[in-house]
Amino acid sequence: MLLCRPKMKECCTFRRASPTVFRLYGTIPKCSIRFPSSIPRNTREVFVGTTQHLASTGPQTTAQFLIATVRTLISLTETKMRKVIHELLPAESDLEGLGHEMHALVAELYPICRSITGNGVRETLGRLQRFIPLTVHEVPSGTRVFDWTVPLEWNIRDAYIKNSRGERVIDFQKSNLHVVSYSTPLHKKMRLEELRSHLFSLPDNPDWVPYRTSYYKRDWGFCLTHKQLLDLSEDEYEVCIESSLESGHLTYGEFYVRGESSEEILISAHVCHPSLANDNLSGIAVACFLAKRISQLRRKYSYRFLFAPGTIGAITWLSINESTAHQIKHGLVLAGVGDAGSLTYKKSRRGNTDIDRAATLAICETESKSQTLDFTPYGYDERQYCSPGFNLAVGRLSRTPHGTFPEYHTSADNVSFVRPDSLGESLSVCLHVVSILEQNRTYLNTNPKCEPQLGERNLYQSLGGGSDNKATELAMLWVLNLSDGKQSLLEIAERSHLRFEVIVRAANALKEHGLLEEVSAQSLPRSTERQFAN
Amino acid sequence: MLLCRPKMKECCTFRRASPTVFRLYGTIPKCSIRFPSSIPRNTREVFVGTTQHLASTGPQTTAQFLIATVRTLISLTETKMRKVIHELLPAESDLEGLGHEMHALVAELYPICRSITGNGVRETLGRLQRFIPLTVHEVPSGTRVFDWTVPLEWNIRDAYIKNSRGERVIDFQKSNLHVVSYSTPLHKKMRLEELRSHLFSLPDNPDWVPYRTSYYKRDWGFCLTHKQLLDLSEDEYEVCIESSLESGHLTYGEFYVRGESSEEILISAHVCHPSLANDNLSGIAVACFLAKRISQLRRKYSYRFLFAPGTIGAITWLSINESTAHQIKHGLVLAGVGDAGSLTYKKSRRGNTDIDRAATLAICETESKSQTLDFTPYGYDERQYCSPGFNLAVGRLSRTPHGTFPEYHTSADNVSFVRPDSLGESLSVCLHVVSILEQNRTYLNTNPKCEPQLGERNLYQSLGGGSDNKATELAMLWVLNLSDGKQSLLEIAERSHLRFEVIVRAANALKEHGLLEEVSAQSLPRSTERQFAN
Amino acid sequence: MLLCRPKMKECCTFRRASPTVFRLYGTIPKCSIRFPSSIPRNTREVFVGTTQHLASTGPQTTAQFLIATVRTLISLTETKMRKVIHELLPAESDLEGLGHEMHALVAELYPICRSITGNGVRETLGRLQRFIPLTVHEVPSGTRVFDWTVPLEWNIRDAYIKNSRGERVIDFQKSNLHVVSYSTPLHKKMRLEELRSHLFSLPDNPDWVPYRTSYYKRDWGFCLTHKQLLDLSEDEYEVCIESSLESGHLTYGEFYVRGESSEEILISAHVCHPSLANDNLSGIAVACFLAKRISQLRRKYSYRFLFAPGTIGAITWLSINESTAHQIKHGLVLAGVGDAGSLTYKKSRRGNTDIDRAATLAICETESKSQTLDFTPYGYDERQYCSPGFNLAVGRLSRTPHGTFPEYHTSADNVSFVRPDSLGESLSVCLHVVSILEQNRTYLNTNPKCEPQLGERNLYQSLGGGSDNKATELAMLWVLNLSDGKQSLLEIAERSHLRFEVIVRAANALKEHGLLEEVSAQSLPRSTERQFAN
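Protein chains in written order, with numbering that gives the first Met the number 0: chain W, 0 to 533; chain X, 0 to 533; chain G, 0 to 533.
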């Protein structure tokens, strides 16, 4: 089906080099090749107008030989594409550098006072635009988004508590955590007694400032260390919060990277926390660097990177994009990916989707120990993506799960709590997950009755030297045996306990020899099915 | 659907109390409300003729507000009903008293000589009628019940073995276990040699008298301690059994408690054993007290309490009630529930029914350790209820499983072998199981796309104070996330590892706020399906 | 359906012997009985022309009684058949003798130089014909078999390496392992340097000769001990391989044993290895003795015993028999069944077929420890039978899995590596597997509502004395409870954890009393389904 044969004959010449070796010389005109859709349009010129000479063995008719030759060319191109995808995975030495770059971004964004709305988010997104061409969306206050309403916009310039000597005993300028997020404006003198019910501290960690919000209840408050609280004497205090809570916008950033297919992979990071480094400047930094790398390479999937305030941001995005959200086939929420703990993947609500399997495989294949957790409806924005009306295949990648480390939601979640090597490993795992999804295919063994004769095709040797050859040989047998048009390479990797890349390498070799045929994604019900119809 | 709107307008007035608060004044006429069937007929007057004033917030139309108001009233009524069900579960202090009352009943019934037919069963049932209005059924000997025939009725007045000095060396008056049940009448002198083959003892427990029967083979025999056997010298003995085996009746007791639905929960206890306390006076006592408590309260299900002789009694009941047995949706056989061992639930043949899940949950939620066993076709009357032609969802609650304790079927299974606290705990677990089944519902999240805004509805605070609030908040997220119209609260409790009552409390709160809609039981295939069609 | 009633009346007489006992006298003519197909044609005369008198109880019509009588006769005959199958299982003492006989066969076949083609295979098959009437097939070189081509036939008379003193330092006459199988003919003098790249040894086991082949690449080589290699001094060597590689045939042996049904059980052993005892003279010997025993007895299934070269032999057979291969319902590859290790069963690709369950049960019921492994596409000819285009229910029985013992594919896999008792146990397990498959049935409980009254039918006592009676009684309850027309005896054995033979004995007793009815195999989808359609 690949060739328009008559034309082919006209433009190519071939010569018998020895009794068993033929050589092809000629220029393949563009019109003569009907490409499979797996070859991206912008790479098709690889074939065109170039002179090719390739060896083939055995007695073949001209037509057979030409078909085989072009098939090989297409395979090579696909292999080249795959190499590009493989370049996703950075070298060990690159990772170290990337870890430090991401850590620098965390440090840069750390002082900004973010909330679920306001200029802190805008400034954060603006700085990300240095790395990726983020589109910034502004959704007006009062917009109805499902059961919620986009809130008033909150901004703050200054806040303090002054004692009677005029000293700032609590000062927003020192840490934006000192003010409860969404505190209403205030300027008033009051006694400690009146003030006390608006003060929040952590008796168990007397040196840390807690992080608190009051988004949906008009109130005001200050957070301080327990030591500061104990130091407050009976006095009259001047309490000032120079904030505004007015009709404005909810701001989120979005970066859409078009791929071969309109099917999407979603990467989502919340951007609403003020000076908290792991939660979630780590997620923002990894998502940003992931986006940058993916946008530079060819890809099968389209990618959507979302930088939005937690809960209300995801709800707003889903509300606006309700009709197209089903294009998200796989997704990852990135949150808390910079601490020293080991990797944690939390499954999607459906629990057995490709993202669940790919992420589990990817974290298992890293060197550090890792864990996969079942879905719970508690956590970050996976709560919204996995609400029963959407039920998207979105899981979450974290390191130490939120709420299980004492620094969580305190001033101790600072820049030094986040480590360059942890950021690097998290980025690497994301790329590994993406690489698995990009390379995952479902094949049909074209020679299902008994094994094909791999030796005769030089398939064993064609893999090049190396100790991995034995594994690839075994992988070829697994791929041939299980490629019934239903089981994907991901499932074959799981069942065979071989590394995914070994399975892919084997499948590619088999496909190049015509022993596998890709099954179109449309005929695969699982990954596209939506389990909740409302 | 709840309101007949035009009439509603005529009879109620409402007033705007503040910009966001409305107050309703008025009398809701009976005719204007169409009640959901979940509201029992005898509680509907709660709504009628009373003046209501309730607060509501936000801009609503009159109709919306009225509908919301009546919905709230209905919810409150349902909550009240649920409270009644909760009263099923007795306080710790009540349990102690109930345990002693049940133990007294065991002691009272202990001396009666029961068998599968005869006056012992009648007298036992008669005494239960002090507690519950039991219907006593008499089925004539010779009645064909499936593969079986109701046997002749057996009664016994006296029995003994006298030595040549006229001393009763074995005396039925001392223990009815001394005579093999269904022994044919006899009065004859014989040498020890002839007698010996009719004597049964337990060499391993030389102080205990075994329990034996010969229901379906005409024979006679005596059971005695091994010490008594060894003490028998060569002598001529006068052997007398004053029994009768004549056409009569098989007797069983039944207590049917009508509920909202014609779907039934069966509680079955065998009543055929003579002086054996745990097997099964314990089951009789717990079933009796369970029946008494359930009959006093409102309930969704109808209940059927069956006190019948083992095997032949259950077969007789099933044969007579073959056409309506499918109404039994859940059932428990109670047997051996008074010993000091921990709780054991044996699953139904189907193994994954609501009773299996509810009983497993209930025994796990008790403090003592417990076990759930898979179904086997060996045991008590669950053998008949779970025969493939009925395949009912009937499990068995026991403490130490029968046959695994040495006292089983011996005189050592006496009144002191049964403990008041064990009886109390068994009763409590039965009530817990019933309470789970009564409260189990399947809901549809009416707001399935993203989470609803719980905070705005004061749902978090509306739960009242207490440390359980965090669990209820988490439970609300679980219920919302999994209520897809298929998964019941029982399944949600299992998956979330939260206590069932916490899940129910969360579901009730959500339902009262219109966030859940009950799915009618008819559309749920699982619990009503019969897996064997003959 | 069993009787042609009018004729029946004419030829039999019956008499009422007492109010409840009838006796039948008479001759049942052949024409009057329509036999179920489960009664083999050659055993039907059991019924015919003989005078029968049998007891029956209860009030029955003449027709009922006659039907019951003939049903009993048929049951008895089937029981007799089953006894024959039971004779499959040899006594402990027989096994010892059989083990030694099989070991003698291994020793006899050991010196023959086999390969995937050639006279070695012919001679091997010829010797097996002493035991079983094997059909020998010859398939011409060049025949296309799926993706493969039957290779040229290889034969060898002599081969050696002589040093300059004319001494044979490597001599094919001492061990046929010394020559790489399919070595091309050669007679040439060369220096050690040139020779060295054609020499293969095992440095880690310096006393062993490795086994190597070069079937699909024209080459030549010698295998030798590492000590021999080190002893080779710089010298001019005369290298001679008197082999031929010419158009000829691939040879395989087949023995088909017809049974009641055309459904087949396949037993397959590879015959291509030269002097290697465990791999696979052990498999050949066990398959041969299994065939001999099965052919002597009545059986439900037809059996096909295949002795073919590995890979190419199985592929050739499947290619030739492609259209009828679906008749293979169960199969076992026998390979490496003679070493001292414990038994290993490797599951079929489908993993949950009757052969998988029967073999797992059978090796669990042996005394020695055993293991069941999941399918992998690496191994012996199960690779071909389980290729996705066939997907047959074929597993593999081995002892120590190939490749996991150091003697594998070396001269240390010699006659003393194989043990008579291991061969005996392997044979016994094969017979046990066959006996399970032969006796496996699926029944429908004819009395599904409540238990039937087993006692009245003397079913408990009818089993004869013995400690197994309690197990059989329990087994009867299991069989009655689970025989819903879907679950087979094999599944009931698995679920009840009772021995299969106890389940069968119970089922037979129940069937003889009319309490079970066999469900025809056609209505059972699982065992006949093919999971891959191409």
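Each residue gets a CB set at the ideal place from its N, CA and C atoms; glycine is no exception.
{"Item": "Could one say the Cβ of ILE314(X) lies closer than 7 Å to chain G's Cβ atoms, at least one of them?", "Value": "yes"}
{"Item": "Evaluate SER386(G) with the Cβ neighbour count: other Cβ atoms within 10 Å of its Cβ, from every protein chain shown; 16 or more gives buried, anything less gives exposed.", "Value": "buried"}
{"Item": "Given that a residue counts as buried once 16 or more other Cβ atoms are within 10 Å of its Cβ, and exposed if not, what is ALA339(W)?", "Value": "exposed"}
{"Item": "Applying a beta-carbon distance threshold of less than 7 Å, which residues of chain G neighbour SER246(X)?", "Value": "Near SER246(X) there are no residues of chain G at all, since even the closest Cβ is about 18 Å away, more than 7 Å."}
{"Item": "Can you tell me whether ALA103(G) is buried or exposed, with buried defined as 16 or more other CB within 10 angstroms of its CB?", "Value": "exposed"}
{"Item": "Within its chain, find whatever has a CB closer than 6 Å to the CB of TYR302(G); leave out the 5 residues flanking it on each side and keep chain order.", "Value": "VAL256, ILE264, ILE293"}
{"Item": "Could you work out which residues of chain G lie near GLU253(W), taking near to mean beta carbons separated by less than 8 Å?", "Value": "By Cβ distance, chain G contributes nothing, its closest Cβ being about 44 Å from GLU253(W), past 8 Å."}
{"Item": "Starting from TRP147(W), find everything on chain X with Cβ-Cβ shorter than 7 Å and list it in chain order.", "Value": "GLN452"}
{"Item": "Does chain X have any CB closer than 7 Å to the CB of GLN383(W)?", "Value": "yes"}
{"Item": "Report the option in ASP230(W), ALA284(W), GLY220(W), ARG297(W) whose CA atom is closest to the CA atom of GLY258(W).", "Value": "ARG297(W)"}
{"Item": "Measure the Cβ-Cβ separation of SER593(G) and SER369(G) and say whether it is below 7 Å.", "Value": "There is simply no residue 593(G) to check, as chain G begins at 0 and stops at 533 in what is shown."}
{"Item": "What is the DSSP secondary structure of HIS136(W), reduced to helix, strand or coil?", "Value": "strand"}
{"Item": "Is LEU249(X) close to chain G? Criterion is C-beta to C-beta, closer than 7 Å.", "Value": "no"}
{"Item": "Cβ of TYR215(G) less than 7 Å from any chain W Cβ?", "Value": "yes"}
{"Item": "So what's ALA506(G) in DSSP terms, helix, strand or just coil?", "Value": "helix"}
{"Item": "Just the chain X side, please: which residues come within less than 9 Å of GLU455(G) by C-beta, in chain order?", "Value": "ASP146, TRP147, THR148, TYR215"}
{"Item": "Below 8 Å CB to CB, which residues in the same chain sit around ASP234(G) once its five sequence neighbours on both sides are set aside?", "Value": "ASN162, SER163, ARG190, LEU191"}
{"Item": "Can you tell me where the beta strand (DSSP E) holding TYR251(W) begins and where it ends?", "Value": "248 to 256"}
{"Item": "Expressed to the nearest angstrom, what Euclidean distance is found between the alpha-carbon atoms of GLY513(G) and THR445(G)?", "Value": "7 Å"}
{"Item": "CA-CA distance, ASP380(X) and THR365(G)?", "Value": "36 Å"}
{"Item": "Strictly by DSSP, which residues pair up with SER182(G)?", "Value": "ASP218(G)"}
{"Item": "Considering THR343(G), what are the terminal residues of the beta strand (DSSP E) in which it resides?", "Value": "342 to 345"}
{"Item": "My guess is that GLY247(W) and SER180(W) are in contact by the Cβ rule of under 8 Å, so how many angstroms apart are they, rounded?", "Value": "Rounded, the Cβ-Cβ distance is 15 Å, inconsistent with contact."}
{"Item": "Under the three-state reduction of DSSP, which class applies to ASP157(X): helix, strand or coil?", "Value": "strand"}
{"Item": "My output table needs one value for TRP316(X): the three-state DSSP class, helix, strand or coil.", "Value": "helix"}
{"Item": "How long is the line joining the alpha carbons of ASP218(W) and HIS225(W), rounded to whole angstroms?", "Value": "21 Å"}
{"Item": "Just checking my contact of CYS429(W) with LEU331(W) at CB under 8 Å: how many whole Å lie between their CB atoms?", "Value": "7 Å"}
{"Item": "Would you tell me roughly how many angstroms separate the C-alpha atoms of ASN320(X) and GLU152(X), rounded to the nearest one?", "Value": "22 Å"}
{"Item": "Give the residues of chain X in contact with PHE199(W), contact being defined as C-beta atoms less than 8 Å apart.", "Value": "By Cβ distance, chain X contributes nothing, its closest Cβ being about 18 Å from PHE199(W), past 8 Å."}
{"Item": "Ignore the nearest five residues each way along the sequence and tell me which others in SER458(X)'s own chain have a CB closer than 7 Å to its CB.", "Value": "Note on residue identity: the sequence assigns Leu, not Ser, to residue 458(X). If we look at LEU458(X) and ignore the five residues flanking it on each side, its Cβ neighbours are MET475, ALA508, HIS512."}
{"Item": "Spatial neighbours of GLU516(W) within its chain, please: CB distance less than 7 Å, with the 5 preceding and 5 following residues excluded, ordered by chain position.", "Value": "TYR442, LEU443, THR445"}
{"Item": "Express the C-alpha separation of LEU223(G) and HIS329(G) in angstroms, rounding to a whole number.", "Value": "41 Å"}
{"Item": "Along chain W, in chain order, which residues have C-beta atoms closer than 8 Å to that of ARG348(G)?", "Value": "ASN480"}
{"Item": "Can you name the residues of chain G whose CB is closer than 7 Å to the CB of PHE171(X)?", "Value": "Residues of chain G passing the Cβ test: none, with the nearest at roughly 26 Å."}
{"Item": "Return the residues of the stretch 387 to 406 of chain W that lie within a Cβ-Cβ distance of less than 8 Å from chain X, sorted by chain order.", "Value": "PRO387, GLY388, PHE389"}
{"Item": "Is there contact between the stretch 309 to 318 of chain G and the stretch 205 to 213 of chain G, where contact requires at least three CB pairs shorter than 8 Å?", "Value": "no"}
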